[in-house]
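Take any residue in the sequence shown, count from 1 to its spot, add 19: that is its number in the numbering used here.
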Amino acid sequence: MSSVLIIKTGSTLPELKRSQGDFEDWTLSGMGLAAGAAQVADVAAGDPLPDYGSVRAVVITGSHSMVTERLEWSERAADWLRGAASRRIPTLGICYGHQLLAHALGGEVGENPHGLEYGTFEVNVLDAARGDPLLGGLGSPLPVQLCHVQSVLRLPADAVRLVSDAQGANHAFRIGDTTWGVQFHPEFNVGVVRAYIEHMRSRLAAQKQNPEGLRAACVDTLVGSEILRRFARLAS
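Given below as structure tokens:
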């Protein structure tokens with residue numbers, strides 16, 4: 020029987036992994052699925068990707084790697100994702116996964132021109148998202164958890180931008196009616212975001228950002244779990 024596939028593109032911070040689990044655990048919890056309800060392919064560790072026929076939906080996790088490094092496992096996953104998109108397998112890319120999808124399908128990824136974004140931020144849901152199965156009806160602005168260095172600089176030609184910010188960044192897109200990418204982390208809670216701000220403290224300070232202010236401004240949001248549960252329904 021087919022199952023949900025989690026393409027694991029890396030692991031979280033060691034202290035978070037010990038205390039709270041890893042990216043795939045948080046994603047499955049947000050989707051309302053038990054661990055045994057999904058297959059996990061840790062491509063960063065060399066796991067092969069399954070036959071398309073065994074997969075009913077795909078989630079690509081975040082990573083501490085960069086898409087522009089063009090690592091072998093990342094490019095292999097990009098090739099596989101092109102096949103998944105052509106077969107119209109429901110797919111959701113998160114952060115690195117969002118960028119990898121854009122890269123795989125003809126977009127461009129690079130250093131975020133606005134610098135590091137770590138913390139809880141409000142983004143704008145665009146008119147194009149009205150009626151979208153994942154993002155429609157959630158309201159705008161939308162409070163989301165962001166932890167990223169790179170971003171999607173140019174969307175694939177056939178992508179529809181769904182979410183942006185004041186600078187016009189590509190925070191979410193859809194291709195067709197089965198493929199989505201979100202730059203934000205719907206699986207993160209406030210503790211995870213604060214841990215990442217602490218981890219990036221020196222780099223944030225070097226960019227004249229205030230780590231303490233960013234930590235204080237972090238809040239939990241129900242938006243992430245709602246998006247993940249909506250995707251789980253699409254995958255059922």
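We put the beta carbon where it would ideally sit given N, CA and C, even for glycine.
Keep in mind the model is a prediction, meaning the values are calculated, not measured.
Could you tell me the distance, in whole angstroms, from the CA atom of residue i to the CA atom of residue j?
i	j	result
Y215	F203	13 Å
G72	I26	16 Å
S183	A148	11 Å
R17	T31	Nothing can be reported for residue 17: it is not among the residues displayed for the chain, which extend from 20 to 255.
N189	G55	33 Å
G112	V212	18 Å
V179	E217	34 Å
P230	R106	43 Å
I108	H117	16 Å
V59	F42	11 Å
S21	I246	22 Å
A254	V74	10 Å
H133	R248	31 Å
G185	S48	In the sequence as presented, Gly is not what sits at residue 185; that position holds Ala. Their backbone Cα atoms lie some 31 Å apart in a straight line.
H122	A235	34 Å
H167	A76	25 Å
L161	P205	12 Å
G81	A97	14 Å
L35	L120	26 Å
Less than 8 Å separating the beta-carbons of residue i and residue j?
i	j	result
T87	T197	no
V163	V78	no
G125	A176	yes
A53	V23	no
G51	A251	yes
H83	G155	no
D239	V209	yes
L172	E127	yes
V144	L181	yes
Kindly indicate which residue of the options has the alpha-carbon position closest to the one of residue i.
i	options	result
R95	D44, R75, L68	L68
G158	V168, D146, H167	D146
M85	I79, S93, V78	S93
G65	Q164, V77, P205, L90	L90
Q169	L24, P205, L223, G129	G129
G138	S48, L223, F250, L174	L223
E153	A63, W199, M219	First, the residue type needs correcting, since residue 153 is Leu and not Glu in the sequence shown. Cα-wise, what sits closest to L153 is W199.
F140	R249, A121, L233	L233
S244	W45, L181, V62, R173	W45
E136	L119, D151, C114	C114
D151	Q39, D70, I194, A104	I194
Starting from residue i and walking both ways along the beta strand (DSSP E), at which residues does that stretch end?
i	result
Q164	161-167
S183	178-183
T198	198-201
V23	22-27
F207	Taken as a continuous stretch (DSSP letters only), F207 belongs to no beta strand (DSSP E), as it is neither H nor E.
D61	57-61
A191	191-194
Check for me: the alpha helix (DSSP H) holding residue i runs from which residue to which?
i	result
R248	242-254
S38	33-39
A235	230-236
G51	Counting along the chain, G51 falls outside any alpha helix (DSSP H), and DSSP gives it neither H nor E.
S30	Careful: S30 lies outside any alpha helix (DSSP H) and carries neither H nor E.
L153	From DSSP, L153 is part of no alpha helix (DSSP H); its letter is neither H nor E.
S221	220-225
Does any C-beta atom of chain B lie closer than 8 Å to the C-beta of residue i?
i	result
S105	Note that chain B does not occur in the displayed structure, where there is just one protein chain.
*Unbroken beta strand (DSSP E) runs of length 3 or more, entirely within the region 78-148: which are they?*
As far as the region 78-148 is concerned, its whole beta strand (DSSP E) runs of at least 3 residues are 110-113, 127-130, 136-144.
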